[in-house]
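**Student:** Protein chains in written order, with this note's numbering: chain C, 1 to 486; chain P, 1 to 521.
For each residue, glycine too, the CB sits at the ideal point set by N, CA and C.
Quick caveat: nothing in here was measured; it's all calculated off a predicted structure.
#1: Starting from residue 275 (chain C), follow the alpha helix (DSSP H) in both directions and report where the run begins and ends.
#2: When the distance is taken between beta carbons, is residue 62 (chain P) closer than 8 Å to residue 335 (chain P)?
#3: Output the residue ranges of the alpha helix (DSSP H) runs that lie fully inside the region 353–420 of chain P and measure 4 residues or longer, sorted by chain position.
#4: Excluding sequence positions up to five away, which residues of its chain have a Cβ less than 8 Å from the Cβ of residue 502 (chain P)?
#5: Exposed or buried, which one is residue 449 (chain C) when buried takes at least 16 other CB atoms within 10 Å?
#6: Alpha carbon to alpha carbon, how far is residue 365 (chain P) from residue 440 (chain P)? Give it in angstroms, no decimals.
#7: Suppose the cutoff is 7 Å on Cβ atoms and the five residues either side in sequence are ignored; what does the same chain contact list for residue 499 (chain P) look like?
#8: When you compare the CB of residue 363 (chain C) with every CB in chain P, is at least one pair closer than 8 Å?
#9: Thinking C-beta only, is residue 248 (chain P) closer than 8 Å to residue 108 (chain P)?
#10: So is residue 280 (chain P) in contact with chain C if we call contact Cβ pairs under 8 Å?
#11: Which of the three DSSP states, helix, strand or coil, is assigned to residue 499 (chain P)?
#12: Considering only the alpha carbon of each residue, which of C:284, C:273, C:187 lies closest to residue 223 (chain C)?
#13: Any residues in the region 155–188 of chain P with a beta carbon nearer than 8 Å to a beta carbon of chain C? Which ones, in chain order?
#14: Is residue 384 (chain C) near residue 429 (chain C), with beta carbons less than 8 Å apart?
#15: Taking contact to mean 3 or more Cβ pairs, one atom from each stretch, closer than 8 Å, check whether the region 454–474 of chain C and the region 402–410 of chain C are in contact.
#16: Scan the region 433–461 of chain P for residues whose Cβ lies nearer than 9 Å to a Cβ of chain C and list them as they occur along the chain.
#17: Looking at residue 251 (chain P): is its Cβ nearer than 8 Å to the Cβ of residue 387 (chain P)?
#18: From which residue to which residue does the beta strand (DSSP E) around residue 74 (chain P) run?
#19: Against chain C, does residue 78 (chain P) count as a neighbour if the rule is that its beta carbon must be under 8 Å from one of theirs?
#20: Quick one, are the C-beta atoms of residue 126 (chain C) and residue 70 (chain C) less than 8 Å apart?
#21: If we cut at 8 Å on Cβ distances, does residue 472 (chain C) have a partner in chain P?
#22: In this structure, how does DSSP classify residue 86 (chain P) when only helix, strand and coil are distinguished?
#23: If you measure beta-carbon to beta-carbon, which residues of the region 106–139 of chain P are closer than 7 Å to chain C?
#24: Anything in chain P within Cβ reach of residue 76 (chain C), meaning under 9 Å, just list it in chain order.
#25: Measuring CB to CB, does residue 200 (chain P) end up less than 8 Å from residue 84 (chain P)?
#26: Below 8 Å on the Cβ atoms is my guess for residue 378 (chain C) versus residue 478 (chain C); work out the distance and round it to an integer in Å.
#27: Determine the contact status of residue 489 (chain P) and residue 138 (chain P), defining contact as a CB-CB distance below 8 Å.
#28: At the level of alpha carbons, what is the spacing between residue 271 (chain C) and residue 180 (chain C)?
#29: Residue 404 (chain C) touches chain P at which residues, Cβ-Cβ below 7 Å?
#30: Any beta carbon of chain C sitting closer than 8 Å to that of residue 499 (chain P)?
#31: Looking at the strands, I want to know which residues DSSP matches up with residue 137 (chain P).
#32: Going along the chain, which residues of its own chain have a beta-carbon closer than 7 Å to the beta-carbon of residue 308 (chain C), five neighbours each way excluded?
#33: Grouping DSSP H, G and I as helix and E and B as strand, with all else coil, what is residue 161 (chain C)?
#34: For residue 115 (chain P), which option in P:161, P:412, P:454, P:470 has the closest C-alpha, if you only look at C-alpha atoms?
#35: Can you check DSSP and say which residues form a bridge with residue 63 (chain C)?
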């Protein structure tokens, strides 16, 4: 029986998809000079969905026979997704005009991708999760190749598509093994099954290596989505080739949603066998931080640098996952939320410098920005110091909580490694500040400013500084929204 | 809160000191005229100086307790992080040193900084907030936030307004200190869980931690503070930073920033980790002595005035760490006095180098010679501070160094003898430098017409001259503030762990270093 009442609980997702369809229908009737209307339309959709989610904020239900979970944890991530998508819309408005990809489908795909990620974070069944993952991935494949006249963009799209479908296949293989072992794909039932067998010491060995293989396959699948080393190969190329707002979108939303699922699956399904996967993820976390930060130093293209920086941040965030207790979960959530603001801010400044082609992509294009445009240079400086994790910015709060979780879980050495890499990362973030402030501008820098972009940047910087100084409310909210763990 | 004496002045005294520079910075943001920017910055720093005077007059020197305490006000309630500020004898003097030096720095940058004046003055004022914050914070997270946030304006001051090789120096300074501070962060978190989930510094001081735990925490603290001091062998960033920084940057760096490392040792290592402190004492004494002699020896070889003073700083800070870790009243009080004195004297020396640089655009000793003839006031000033730097009796540094050496001699004779070498070498490099710069015939014809110090420059130097002699003849002015605090500090260290543990590290280290350590005992 189809439970009609449950429909109301997935209203935000339905709204976004309906609006996306409406955009597709309206698109031919909107003259190309008026495409901004569609952007406002998307913003309205996101605002409405955000409002609906806000009304559902305290609910904790499993709907559609446990296929779909509406809990504070998923709602937290949905807010993150709304914020990120709204930012991306604001960052895109002027950019897609300059890049001559000013067509309505752009916004439609953006909204559908958002809906897909919402399905992902709310998934209560491996099948739902897979569905959401594919829904957003396909949108991203298209969005990455949106600059269809540009080789780099189509290459990014193709690369992402091929590697993405490959990793989806691996993920699906892992899911099928789990189904073979437990006879179900429902997270709750899987969790109960493995919990029961873990108390019965004879049962675990009877799985043979199958459970381990399934865990590894799932790690590969999710590791690809969060851009963890060694599944990160696609990241720099796709980030470089994709339209910059899409790069920003990928680096925050896709990563956050995938981490949300990563955490949910591993803590609920494999919660009873944490020792088995903790070691794998510790290794992943260390190599991810290490490679991301070290290779970022060598980059000359700011989008590639931010790509490696986003790999490195996945490594820090993974510490929260490795720890996996209350402190670990909320620190991961906090980390992703803060990362959203500071990274979108940094990409916003990159977009500001882009006036078509590859202008604004080389780090040298930032030379002397402080002289010509002191305000934007100041904003970029704040974002860079925040990404480096310096107080009094939000980035410090994020790292502080993650390291706290690690120390509390007797992984102080992991925290020490984290801070060592953090010190290394300061070098390349500082480099941006250095070229902006300490070098003389070579020529005229014309910025592609627009009111929407400026608003987005100012909001981002205000949030980064405010959370840096008063992190209390956000920490409290994240703590109330953590996953129920046993 | 029996360890606190709440602020009863009727207004938030310490918070006011933190906020005034920030308000000044906000005013600066709306100004365009350079002269107005300078005036507003100057007025702000003077207001802060005046606002800090009640600390001096109302401080009760008879107690070790934290005074003028505000808070604890919840800041991040779920993690038990609070906004708590207060001062004891140690931090009081540091705060006053900071508020005194900031206007002097602004004064000396009046003409020397002619590009991006607004940015420079803002950075200086934000620095002031950061520095005061470090000294008054009574919550570890609050301390850490100020400690690290301060790196940003200092990085910009060196990197934007510095000399030709400024970018290298700024990045080196930043990364070096950041690496140390980040280890401090992890240690701080570990201490939070070990000390009953609190970041309150006074509570942490009263906790007892297992020796093995203390060992690791101390190691992390040591890295952070030793880099900041900077203690040999972590000093390599200092000469670069000093040489490239603008005058005001050098002054702040030498006078206040270096003190933060020593302050960290006194505030955290000794009272919180007494056990590990005793374990590490021989190693730190060894490093201190090496710093004293090595710094002085390097200073001897420099042809660049700023480098010479930078290496003399390494040597002088060696006395500070030596005094702290001999762990008796004379040693620690001497070290504290030496901290203040070094702030006054070395700050003034950097000012003087800057003033000469403004005229000739050279820091090379060889480019000077006989300039006392065209610049008699300059000659007098340089001579006074040079004598202070070498520790002539009657000047401030004599008292500090004498107390440190006295304290060292009481417990570690051999060490004291070697350290005394540093005093002798100081006389050599300082007098030699003065001779080459000031006296004899004017070697370069273009130096004959140099203008002597003007009113503004004298105004920056005179307060420091007064302090040189005041502290030199009447050190009780400062020592009065210290007795109770230092006495309590020593109780905390000696009460918890038996001194015999000093030998632990000597036993762990083998080879020549181990033998040397054993010799120290």
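**Tutor:** Considering the structure as presented:
#1: Locating residue 275 (chain C) in the first chain gives position 275, counting from the first residue. That run of the alpha helix (DSSP H) goes 274–297.
#2: Counting from 1 along the second chain, the entry for residue 335 (chain P) is found at position 335. Counting from 1 along the second chain, the entry for residue 62 (chain P) is found at position 62. No, the Cβ-Cβ distance between residue 335 (chain P) and residue 62 (chain P) is not below 8 Å.
#3: 376–390, 396–411
#4: Taking the second chain and counting its residues from 1, one reaches residue 502 (chain P) at position 502. Confidence is the limiting factor: at residue 502 (chain P) the pLDDT is only 46, short of 50, which leaves the residue's position unreliable, though a coordinate-based value still follows. Answer for residue 502 (chain P): 278, 279, 281, 282, 521, listed in chain order.
#5: On the first chain, residue 449 (chain C) is found 449 positions in, with the first residue counted as 1. So residue 449 (chain C) counts as exposed.
#6: For the purposes of this step, residue 440 (chain P) is identified with residue 440 of the second chain, where counting begins at 1. For the purposes of this step, residue 365 (chain P) is identified with residue 365 of the second chain, where counting begins at 1. So the two alpha carbons sit approximately 13 Å from each other.
#7: Indexing the second chain from 1 puts residue 499 (chain P) at position 499. Annotation note: pLDDT 45 at residue 499 (chain P) (below 50); position unreliable, coordinate value reported separately. Cβ neighbours of residue 499 (chain P) beyond the five flanking positions: 278.
#8: Taking the first chain and counting its residues from 1, one reaches residue 363 (chain C) at position 363. Taking Cβ atoms only, chain P never reaches closer than 8 Å to residue 363 (chain C), which makes this a no.
#9: Position 108 of the second chain, counting from 1, holds the residue named residue 108 (chain P). Position 248 of the second chain, counting from 1, holds the residue named residue 248 (chain P). In this structure, residue 248 (chain P) lies closer than 8 Å to residue 108 (chain P) by Cβ.
#10: In the second chain, residue 280 (chain P) corresponds to position 280, counting from 1. Chain C, which has no Cβ nearer than 8 Å to the Cβ of residue 280 (chain P), makes this no.
#11: Indexing the second chain from 1 puts residue 499 (chain P) at position 499. In this predicted model, residue 499 (chain P) has a pLDDT of only 45, less than 50, meaning its place in the structure is not dependable; the value taken from the coordinates is given anyway. Looking at residue 499 (chain P) - three-state DSSP - the assignment turns out to be helix.
#12: What you label residue 223 (chain C) is simply residue 223 of the first chain in a count that begins at 1. Comparing Cα-Cα distances from residue 223 (chain C) to each of C:284, C:273, C:187, the minimum goes to C:284.
#13: 155, 156, 159, 160, 166, 167, 170, 171, 174, 175, 178, 179, 182, 183, 185, 186
#14: Residue 384 (chain C) sits at position 384 when you count from the first residue of the first chain. Residue 429 (chain C) sits at position 429 when you count from the first residue of the first chain. Yes; because the gap between Cβ atoms is below 8 Å, this pair is in contact.
#15: no
#16: none
#17: Along the second chain, read from residue 1 onward, the residue named residue 251 (chain P) stands at position 251. Along the second chain, read from residue 1 onward, the residue named residue 387 (chain P) stands at position 387. No, Cβ-Cβ distance for residue 251 (chain P) and residue 387 (chain P) is not below 8 Å.
#18: For the purposes of this step, residue 74 (chain P) is taken as the residue at position 74 of the second chain. Run containing residue 74 (chain P): 66–76, per the beta strand (DSSP E) assignment.
#19: Taking the second chain and counting its residues from 1, the one referred to as residue 78 (chain P) is at position 78. Yes, its Cβ sits closer than 8 Å to a Cβ of chain C.
#20: Reading the first chain from its first residue, position 126 is the one you call residue 126 (chain C). Reading the first chain from its first residue, position 70 is the one you call residue 70 (chain C). No.
#21: The residue labelled residue 472 (chain C) in the question sits at position 472 within the first chain. It does; some Cβ of chain P falls within 8 Å.
#22: Your numbering for residue 86 (chain P) matches position 86 in the second chain. If DSSP states are grouped into helix, strand and coil, residue 86 (chain P) belongs with the strands.
#23: none
#24: In the first chain, residue 76 (chain C) corresponds to position 76, counting from 1. Ordered by position in chain P, no residue passes the 9 Å Cβ test against residue 76 (chain C), which lies about 16 Å from the chain.
#25: Numbered from 1 along the second chain, position 200 holds the residue referred to as residue 200 (chain P). Numbered from 1 along the second chain, position 84 holds the residue referred to as residue 84 (chain P). Yes. Within cutoff.
#26: Along the first chain, one-based indexing puts residue 378 (chain C) at 378. Along the first chain, one-based indexing puts residue 478 (chain C) at 478. Residue 378 (chain C) to residue 478 (chain C), Cβ: 29 Å. No contact.
#27: Residue numbering aside, residue 489 (chain P) sits at position 489 when the second chain is read from its first letter. Residue numbering aside, residue 138 (chain P) sits at position 138 when the second chain is read from its first letter. It is not a contact, given that the beta carbons lie outside the stated cut-off.
#28: The sequence position of residue 271 (chain C) within the first chain is 271, counting from 1. The sequence position of residue 180 (chain C) within the first chain is 180, counting from 1. Between residue 271 (chain C) and residue 180 (chain C), the C-alpha separation is close to 19 Å.
#29: Taking the first chain and counting its residues from 1, one reaches residue 404 (chain C) at position 404. Those within 7 Å of residue 404 (chain C) in chain P are 189.
#30: Locating residue 499 (chain P) in the second chain gives position 499, counting from the first residue. Residue confidence is low: residue 499 (chain P) scores 45 on pLDDT, short of 50, so the model does not pin down where it sits. Its coordinate-derived value is still stated next. Not one chain C Cβ lies under 8 Å of residue 499 (chain P).
#31: Residue 137 (chain P) sits at position 137 when you count from the first residue of the second chain. Its beta-bridge partners are P:85.
#32: As a first step, residue 308 (chain C) must be located in the first chain, where it is residue number 308. 236, 292, 295, 296, 299.
#33: As a working mapping, residue 161 (chain C) is identified with position 161 in the first chain. Of the three classes helix, strand and coil, the one that applies to residue 161 (chain C) here is helix, per DSSP.
#34: As a first step, residue 115 (chain P) must be located in the second chain, where it is residue number 115. Nearest option by C-alpha distance: P:161.
#35: As a position in the first chain, residue 63 (chain C) is number 63, starting the count at 1. DSSP lists C:68 as partners of residue 63 (chain C).
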